[in-house]
Every structure is written in structure tokens, then in C-alpha cells.
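Chains as they are written, first to last, in full-length UniProt numbering: chain Z, 1 to 426; chain V, 1 to 108.
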């Protein structure tokens, strides 16, 4: 029995810095949203929007996903993380690269600093993929969740490679196709390849654990994996060789069908769950999938409409509705447990110790949730009716949400154990 | 975990059961006995206690902390014995393993 894997958690440095830095980038993202309120409904290829999108995609979403993935990989692969040092190196490179990219996009400085920053992000993504591949390769078990993670890492590398080529193309033009068309392919490889497949893989593992639920319909996950990848490959190939038109939404339908299969698996798990009470954090995550569904419905609109506000609304559903919603919901389902495991594991049963939930201000979560809903709704209204003033107010709401979230994240990270000798003896 | 009163180690098993109730699953906030994670405690070896148990999810990230908790409380209750844990996945844990008290706490 000795070789049964319980949990060989990675070192703190391979996980915690990602969560802390992501919380800081979320605050930066919300400040940028406030500062650029009048630009949000404009064309997506303008400096503030490019800076905002890359803060959201790299500093916020990818940063926190790397941290969560390094923690969860040993659980999914039943093996220790291949290298804690490489994980930390990927953190350093991602942080430096993201800071440089945000600065360059904001000032639209497409010189060497941009190319160096892009190279740092590229190296970080390759290190992540290598670490993931080595960890999964050592594993003697193969689960569909592992395939989701491996394919999402491939798409991340593809996205960062195309992104770097696009950055170089702005300095030394060499891509024979329209820059904006390739930018769309780069964006969708990131959204449907990296974020969607990573979230599907991790969600298929974590959600049943949180709900104490089980589904026997694993084939739905395989169907999701195949449909999402076939749809994305067709989208990229079609988009590269032909002009981007409404026809391409057919490939989006395949990706949407794949995601529907995944959602059916989650619904089946939900119906067979032991924990009947669903807390606010799970509702946070549940709401995020509604935003993802809305984003899918908007794909034909952004392909045919020349109005830039629809692309802004689509991006809002993706980054602030879906990805932010799921991160706000899942952070306090993972981070407190990671910190608790480090601080209290050895004291379990020896003394009266706090539970992971007590490491953060649980009372702030409803405020965070309802403020988030308010910010998202007012942002959508502000975009549809192109109301800059409303978008500025929304920016303030987003800043409050990010501060509440950041406060709780750092409260958990800097939690100190206050258990004395007397507590242990008594 | 079933305790037979005719068993020669019934008293020790009851004492162990009471001690194991102090080990809480940090995610579910219910003790591991009421969750039905403990399948048996073996006192036949004079210097060793062998606990046969499972986890609610294979590869549970909190599994290490739960195991440590089991070792801590049994070492406290039986200082002269070494604690060994046999983690098993068969029979697989299900919600049917949860006691009435555990169900009440989980709101089932």
C-alpha cells in the first residue's frame, strides 16, 4: 500500500506566487478598464484595448491558471510535479514578459522591448508545457483530464508563438496575410485552445470533488475533447487560407457542441452530487458558463457586423464574464486549502486549528459576488449603448471587486499559524 | 467502522474510534469516522495499530493532511504503539458510507 499516491504537493514557490501576482494584475486590469472607459467600444486594435486584453489574458488568467495547474497536476497525474524550479522560472518569465508587454502595448512601442517581452512569455509557456508533459509522461495512468491539459498546453505554445510572430511583424513586416486576420486566429487559439480546454480539463476533475458527485458518462468528455479540437483546427486552417467570413462560425458550432458535451457531463455530476447545498463560490463558477454560452452565440454577430462594440461585448463575456467568473469562484476553493495544507497539515488532530474556510473573510464573498454581477451587467449595458460615463462607473465597480478579491487572496497567502505549545498539549 | 463488543479489542477499538472523530476532513468539515472513511482498526499486533481507510476522492489533495491527523490522534491515544495506515480504494467510498450524524452536518 505504500506506493499508493496520496498527494505529493508541489513546493509553495511553484504555486503561491502565481496567485498573489495574478491578484495584483487583476487590480491593474480594473484600473486600466477605468482609465480607458471611453476606448472600450472602439476598434480592438488600439493600444489601450491591446494592453487590457493582454493584462487579462496573461497577467490575470494565465498567471492564476499556471499556479492552479502546478498544484493540480500531481493530483491528476498521480505523480510529483516534474520540476518545482522550472515552475518558478516560468513564473519569473511570465511576470517579466507580461509587465513588458502591457507597457509596450499601452505606449504602442513595438520595438525591441516588445519582442523581448514576447520572448519571455513564449519561454514561460514552453517551460510550462515541458513541465506538464514530463509530469504526465511519468504517470502510469491516462485520464481524459490529462489529455485536456496536454492539448491546452500545446495550444498555449501555439498562441504565444503566433503572438510573438505578430509582434515581430509589427516591427519587420513579413507575414503575407492581413495582420488583423492572423490576430483573430491568435486570439481564438488562445480562447478555444488554451483557456477553454484547460478549464474543461481542470473543471472535470475539480467540480466532482467539490460537489462530491460522480458521472459515469466519461465518453462525454472525450466527445468534448475531439469536437473542440477539430472545430479549432478547422477554424484556424480555414481562417489562414481564406478570408474570415460568416462561414467560419460553422467551426465555432463544433467547438460549442464540444463544450455542450462537457457541460452535460458537469450537469450529470451535479445531479448525482452528495452535497445538496451549493455555495456562493460554486454559483460564481456556474454563472461564468452562462457568459461562455453567450459568447458562443455572439460569434456569428462579430463575423458579420462591422460595429466594433459587438467585438467589445464578446471580449467582455469571454474575459470578464467567463474567465474572471470562474477564477473568482475557484480561487477560494483552492488557495486556502493549499496554504492550510502547508501550515496545519502536521497539527491536524493535535490542536484546535482553523479550517481552510477561516483563512479568508468569508463574509466578503457575497459582496464580491454581487458587485461582480453589477459590474458585468453595467459594463454590458455601457457597451451596447456606448455610454462612456456608465463604463467609467463600471470601472470603479471593477476596482472595488479586484480590491476585495486581492484583500482576501493576500489574507490567505500571509496567514500565520497562531498555535502555541499550550494549544497542542491541551 | 463496525465494532463488535465480543471482540477482544473492543475497548481499544472504541477508544480509537473516539480519537479518530477528532480528525476533520478540511473540505467537508465533517470527521472522518462519520464520513465513513475508516474501514477498520486492527490491534492484533502488540506494538502496532493498523488503520484501514479510504478517501472520498482518489488522490484527494487533502489526503496527506487526513493521514497525518490519523497518526497524530492515535499516537496521542496509544503512545506505546506505532500507527500504520493502509489506504485502500476497494471498496470504493460512496455517500452510503456517511453516518446519520455526517448526513445531518452535510445537509443531505
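Quick reminder that beta carbons are idealized off the backbone N, C-alpha and C, glycines included. Only a predicted model underlies this, so the values are computations on that prediction, with no experimental measurement involved.
For residue i, go through chain Z and note every residue whose CB falls closer than 8 Å to its CB, in chain order.
i: residue 22 of chain V; result: 349
i: residue 54 of chain V; result: Those within 8 Å of residue 54 of chain V in chain Z number zero; the least Cβ separation is about 10 Å.
i: residue 65 of chain V; result: 340, 341, 344, 345 and 348
i: residue 109 of chain V; result: An answer regarding residue 109 of chain V cannot be provided, because it is not within the stretch 1 to 108 covered by chain V.
By how many angstroms is the C-alpha of residue j removed from the C-alpha of residue i?
i: residue 377 of chain Z; j: residue 356 of chain Z; result: 31 Å
i: residue 19 of chain Z; j: residue 96 of chain Z; result: 16 Å
i: residue 43 of chain Z; j: residue 311 of chain Z; result: 8 Å
i: residue 189 of chain Z; j: residue 235 of chain Z; result: 9 Å
i: residue 88 of chain V; j: residue 53 of chain V; result: 6 Å
i: residue 289 of chain Z; j: residue 2 of chain V; result: 44 Å
i: residue 66 of chain Z; j: residue 32 of chain V; result: 32 Å
i: residue 108 of chain V; j: residue 344 of chain Z; result: 28 Å
i: residue 407 of chain Z; j: residue 16 of chain Z; result: 15 Å
i: residue 86 of chain Z; j: residue 338 of chain Z; result: 19 Å
i: residue 183 of chain Z; j: residue 161 of chain Z; result: 12 Å
i: residue 17 of chain V; j: residue 23 of chain V; result: 10 Å
i: residue 19 of chain V; j: residue 25 of chain V; result: 14 Å
i: residue 286 of chain Z; j: residue 315 of chain Z; result: 19 Å
i: residue 325 of chain Z; j: residue 173 of chain Z; result: 38 Å
i: residue 365 of chain Z; j: residue 415 of chain Z; result: 18 Å
i: residue 2 of chain Z; j: residue 84 of chain V; result: Only weak support is given to the placement of residue 2 of chain Z: the predicted model assigns it a pLDDT of 36, under 50, and the question is left unresolved by the model.
i: residue 102 of chain V; j: residue 116 of chain Z; result: 56 Å
i: residue 46 of chain V; j: residue 359 of chain Z; result: 41 Å
i: residue 224 of chain Z; j: residue 262 of chain Z; result: 6 Å
i: residue 4 of chain Z; j: residue 63 of chain V; result: Its pLDDT being 42, under 50, residue 4 of chain Z is placed unreliably in this model, and the value from its coordinates should be taken loosely. Near 11 Å, if we compare the C-alpha coordinates of residue 63 of chain V and residue 4 of chain Z.
i: residue 175 of chain Z; j: residue 167 of chain Z; result: 11 Å
i: residue 121 of chain Z; j: residue 98 of chain Z; result: 7 Å
i: residue 317 of chain Z; j: residue 54 of chain Z; result: 16 Å
i: residue 403 of chain Z; j: residue 171 of chain Z; result: 37 Å
i: residue 217 of chain Z; j: residue 105 of chain V; result: 29 Å
i: residue 459 of chain Z; j: residue 369 of chain Z; result: The structure shown does not extend to residue 459 of chain Z, since chain Z is modelled only from 1 through 426, so no value can be given for it.
i: residue 129 of chain Z; j: residue 101 of chain Z; result: 21 Å
Thinking C-alpha only, which one of the options is nearest residue i?
i: residue 427 of chain Z; options: Z:67, Z:85, Z:239 and Z:204; result: The structure shown has nothing for residue 427 of chain Z, since chain Z only spans 1 to 426.
i: residue 39 of chain Z; options: Z:371, Z:419 and Z:392; result: Z:392
i: residue 361 of chain Z; options: Z:308, Z:413, Z:385 and Z:346; result: Z:413
i: residue 243 of chain Z; options: Z:158, Z:285, Z:179 and Z:48; result: Z:179
i: residue 275 of chain Z; options: Z:353, Z:403 and Z:214; result: Z:214
i: residue 21 of chain V; options: V:11, V:36, V:81 and V:7; result: V:36
i: residue 151 of chain Z; options: Z:123, Z:127, Z:193 and Z:411; result: Z:193
i: residue 39 of chain V; options: V:62, V:13 and V:45; result: V:13
i: residue 207 of chain Z; options: Z:271, Z:185 and Z:171; result: Z:271
i: residue 123 of chain Z; options: Z:64, Z:371 and Z:92; result: Z:92
i: residue 78 of chain Z; options: Z:195, Z:167, Z:305 and Z:132; result: Z:132
i: residue 212 of chain Z; options: V:5, V:67, V:8 and V:27; result: V:27
i: residue 10 of chain Z; options: Z:69, Z:57, Z:35 and Z:27; result: Z:69
i: residue 405 of chain Z; options: Z:35, Z:45 and Z:60; result: Z:60
i: residue 61 of chain V; options: Z:54, Z:72, Z:63 and Z:58; result: Z:72
i: residue 401 of chain Z; options: Z:388, Z:417 and Z:367; result: Z:367
Mind pulling the chain V residues with CB within less than 7 Å of residue i?
i: residue 377 of chain Z; result: Simply none; closest approach about 31 Å.
i: residue 346 of chain Z; result: 68
Can the beta-carbon of residue i be found closer than 7 Å to that of residue j?
i: residue 148 of chain Z; j: residue 231 of chain Z; result: no
i: residue 77 of chain V; j: residue 15 of chain V; result: yes
i: residue 347 of chain Z; j: residue 396 of chain Z; result: no
i: residue 118 of chain Z; j: residue 156 of chain Z; result: no
i: residue 108 of chain Z; j: residue 51 of chain Z; result: no
i: residue 24 of chain Z; j: residue 56 of chain Z; result: no
i: residue 80 of chain V; j: residue 350 of chain Z; result: no
i: residue 65 of chain V; j: residue 84 of chain Z; result: no
i: residue 246 of chain Z; j: residue 303 of chain Z; result: yes
i: residue 209 of chain Z; j: residue 50 of chain V; result: no
i: residue 88 of chain Z; j: residue 13 of chain Z; result: yes
i: residue 260 of chain Z; j: residue 296 of chain Z; result: no
i: residue 191 of chain Z; j: residue 252 of chain Z; result: no
i: residue 134 of chain Z; j: residue 82 of chain Z; result: yes
i: residue 99 of chain V; j: residue 34 of chain V; result: yes
i: residue 398 of chain Z; j: residue 33 of chain Z; result: yes
Taking C-beta pairs closer than 7 Å, name the residues in chain Z that residue i reaches, listed in chain order.
i: residue 42 of chain V; result: Result: empty, since nearest Cβ-Cβ is about 13 Å, beyond 7 Å.
i: residue 73 of chain V; result: 349
Show which residues of chain V have a CB atom less than 8 Å away from the CB atom of residue i.
i: residue 176 of chain Z; result: None at all; the shortest Cβ gap to chain V is about 48 Å.
i: residue 337 of chain Z; result: 26, 27, 61 and 62
i: residue 356 of chain Z; result: 26 and 27
List the residues of chain Z whose Cβ lies closer than 9 Å to the Cβ of residue i, in chain order.
i: residue 33 of chain V; result: Here the premise fails: no neighbours, minimum Cβ distance about 12 Å.
i: residue 108 of chain V; result: 274, 275 and 276
Residues of chain V with CB closer than 9 Å to the CB of residue i, please, in chain order.
i: residue 209 of chain Z; result: 27, 56, 57, 60 and 61
Return yes when at least one heavy atom of the ligand ZN lies under 6 Å from the C-beta of residue i, else no.
i: residue 227 of chain Z; result: This structure lacks the ligand ZN; in fact it carries no ligand of any kind.
key: Complete alpha helix (DSSP H) runs within the region 6-55 of chain Z (minimum length 4 residues, chain order)   = 16-35 and 47-54
key: Sequence ranges, alpha helix (DSSP H) only - wholly within the region 338-400 of chain Z, length at least 4   = 364-384
request  = With a floor of 4 residues, list each alpha helix (DSSP H) that falls wholly inside the region 133-212 of chain Z, ordered by position along the chain.
outcome  = 144-171, 179-188 and 196-211
task = Quick one: which unbroken beta strand (DSSP E) runs of 3-plus residues sit fully inside the UniProt domain "MIP18 family-like" (19-85) of chain V? Chain order, please.
result = 38-42 and 48-53
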